[in-house]
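What follows is a single structure, written as C-alpha cells, with notes after it.
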Amino acid sequence: MFLRRSNYSHPEFRAGVRDFQRVAPGIAAWGLMTGVAMVQSGMGVVESLLMALLVFAGSSQLAAIPLILAGAPLWIIWATGFCVNLRFVVFSLHLRPFLAHLPMWERICHGYLTADLSYVQFTSRFARPGANAAERQAQEAYLAGNDMVNWMAWVGSSLAGVALARLIPQDWGLAFAGILCLVGILCSLATTRLRLVSAAVAGAAAVAAYGLPLKLNILLAIATAVLACMVIEKFPGGHAARP
Amino acid sequence: MSDIDGRTVVVVVGLALITVLARGFFLMSGKAWSLPHWAQRGLQYAPIAALAAVVVPEVVTVQGHLVSNWQDARLFAAAAGAAAYFWRKDVLVTIVVGMAVYLPLHIGWSW
Chain A
1 MFLRRSNYSH PEFRAGVRDF QRVAPGIAAW GLMTGVAMVQ SGMGVVESLL MALLVFAGSS
61 QLAAIPLILA GAPLWIIWAT GFCVNLRFVV FSLHLRPFLA HLPMWERICH GYLTADLSYV
121 QFTSRFARPG ANAAERQAQE AYLAGNDMVN WMAWVGSSLA GVALARLIPQ DWGLAFAGIL
181 CLVGILCSLA TTRLRLVSAA VAGAAAVAAY GLPLKLNILL AIATAVLACM VIEKFPGGHA
241 ARP
Chain B
1 MSDIDGRTVV VVVGLALITV LARGFFLMSG KAWSLPHWAQ RGLQYAPIAA LAAVVVPEVV
61 TVQGHLVSNW QDARLFAAAA GAAAYFWRKD VLVTIVVGMA VYLPLHIGWS W
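Protein sequences appear in the order of chains A and B.
If you read the first sequence in this note's numbering, its first letter stands for residue 1, the second for the next number, and so on.
If you read the second sequence in this note's numbering, its first letter stands for residue 1, the second for the next number, and so on.
Laid out in C-alpha cells, this is it:
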C-alpha cells in the first residue's frame, strides 16, 4: 500500500504516479459525473458521499443507482454489483502471482484499490512477476503509486460531483471524457494483431449480447474474445502475431 | 442528519464489500499454486477485451440498440480520440481531442 515507506520512497512509485496522471483527467471527469448522477437521480447526499468513498467502482455504482431508487431487493442489487464487477475477478487472477509474496490483508488492499486503469497500466508495464525481492518491491511500489493517484482522482472528483450536482447539467455529456479515457487506454494496448482481434470480438459480442441481464454481456464478451484468440493462436502463423 | 435512509446505507456497505470480494477474489487464499500455461496465455488477451466490452457499447448503442443514425457525436469523438492516440501516443491528447470534437457536436448541434 502507498502508506508504506518502502513503497512511497521507491523510484517506481513516482513512475506509477506519473503514468496515472496521464489518464487522471478522464477518470476525474467520469467520477465527477458519477457524483452528479447519484445526487440528481435522487439519492441523499450522505448516501452518495458514502457510496463514492466506499464502493470505489464506477460501473457497479451506475448499475446500482436505478435499482436502489426502484426499491429492488437487496440480493438483486448486490448480485448486479458482483456481475458488473466480474471482470475484476479475472484481474485478481492475473495479479495473484505478482502479489503472492505479501501478507493477506495487503494483497486484499492492493486488490481493492486496483481498478481498471491501474490493472491495465500495471500489467502492460510488467509482463511477468518479479524474479527476486528487488523486482517484486519495484512492482509493488509502481502499483501503489498508480493506485494512489487513481483513488485520489476518483474519490476527489466524486465528492466534487456530489457537492456541485445542482450546478452541472448532466446533458452536457462530460461523462464522455471517461469513455475517451478508456478509448485511449484501449489503443495503447493494441500492440499485436491478436489483441486487435480480441478487442474487435469483445466489442461486437458486448453489443450483440447487450440485452443480457446483470451486465453479463461484458463477461461473455471477454470469454468469447479470449477463447477466439487462443484458437487463432493455434493456427500456423498465429504465433507470429504475439509480442 | 436525520433523513439518512438506513436501507440505502446497508446497500452501499454491501456494494463496498462486493468490490473487495471481486477485486480480491483470487488474492485471498495464501496457498501456493500457479496458473496453468494455457490460462497465462489466455490472460494476455483479457485486458483489452474487458475494455472493449465496456467501451464499445457506450459508443455505438442507444438504450441497448445499435445506433441507426450516423449523426451521433460519440462516433466522431471516439474516432477522433483513437486517431489522436496513434498520432501522439498519449491518453491525455485522446481525451482533449475527443472532447474538442464531442462538445461542439453534442451541445451545438445536439447530435
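C-beta atoms are modelled at their ideal positions from N, C-alpha and C, and glycine is treated no differently.
- Annotation for B:V59: R74 and A78 place their beta carbon closer than 6 Å to its own, counting only its chain and skipping 5 residues before and after.
- When 8 Å is used as the limit between beta carbons, B:R41 is near these residues of chain A: M230 and E233, in chain order.
- If you compare the alpha carbons of A:D19, A:A28, A:R4 and A:M43 with that of A:A175, the shortest gap goes to A:A28.
- Under the three-state reduction of DSSP output, B:T19 falls in the helix class.
- A Cβ of chain A is located within less than 8 Å of the beta carbon of B:V91.
- Along the stretch 78-105 of chain A, the positions whose C-beta sits under 8 Å from a C-beta of chain B are W78, G81, F82, N85, L86, R87, F88, V89, V90, F91, S92, L93, H94, L95, R96, P97, L99, A100 and M104, read in chain order.
- Any Cβ of chain A closer than 8 Å to the Cβ of B:A50 would place that residue at the interface, and such an atom is present.
- Taking the Cα positions, B:A82 is about 27 Å away from A:Y142.
- When DSSP states are grouped into helix, strand and coil, A:H110 belongs to the helix group.
- A Cβ of chain A is located within less than 8 Å of the beta carbon of B:R74.
- Listed in chain order, the beta strand (DSSP E) runs fully inside the stretch 183-231 of chain A amount to none, counting runs of at least 3 residues.
- Taking the beta carbon of A:A202 as reference, the chain B residues within 7 Å of it are A49, A52 and A53, listed in sequence order.
- Contacts between A:V23 and chain B, judged by CB atoms closer than 7 Å, involve V91 in chain order.
- Secondary structure note for B:A100: its alpha helix (DSSP H) is the uninterrupted segment V91 to L103.
- Closer than 7 Å at the C-beta level to chain A, one finds these residues of the stretch 96-110 of chain B: G98, M99, Y102, H106 and I107.
- Bounds of the alpha helix (DSSP H) holding A:L53 are V45 to L54.
- When DSSP states are grouped into helix, strand and coil, A:H101 belongs to the coil group.
- Proximity of B:V62 to chain A, defined by a Cβ-Cβ separation below 8 Å, is not satisfied.
- With a cut-off of 8 Å on Cβ pairs, the stretch 10-19 of chain A is not in contact with the stretch 32-40 of chain A, counting fewer than three such pairs.
- Here B:V67 carries a coil assignment [DSSP, helix/strand/coil].
- Residues P129 of the same chain have their beta carbon placed closer than 6 Å to that of A:P97, with the five preceding and five following residues left out of the count.
- In this structure, A:A209 and A:N217 form a Cβ contact; the two beta carbons are roughly 4 Å apart against a cut-off of 8 Å.
- Among the residues of chain A, those whose CB is under 7 Å from the CB of B:V20 are I108 and Y112, following chain order.
- Contact between the stretch 15-34 of chain A and the stretch 168-188 of chain A is established, with three or more Cβ pairs separated by less than 8 Å.
- Taking CB atoms only, A:L167 has no neighbour in chain B less than 8 Å away.
- A:A175: not part of any alpha helix (DSSP H); DSSP gives it neither H nor E.
- Bridge partners of B:V62 according to DSSP: B:H65.
- Of the candidates A:L117, A:H110 and A:F122, the residue whose Cα lies closest to the Cα of B:L21 is A:H110.
- Counting only the Cα atoms, B:L17 lies some 20 Å from A:L69.
- Less than 8 Å divides the Cβ of B:Y45 from the Cβ of A:S198.
- If you compare the alpha carbons of A:V45, A:A24, A:Y8 and A:F20 with that of B:V12, the shortest gap goes to A:V45.
- Close to chain B, meaning a Cβ-Cβ distance shorter than 9 Å, is no residue of the stretch 143-163 of chain A at all.
- Contact annotation, B:I48 with A:L186: C-beta distance approximately 6 Å; criterion of less than 8 Å satisfied.
- With respect to A:G26, A:G145 sits apart: the two C-beta atoms are not nearer than 8 Å.
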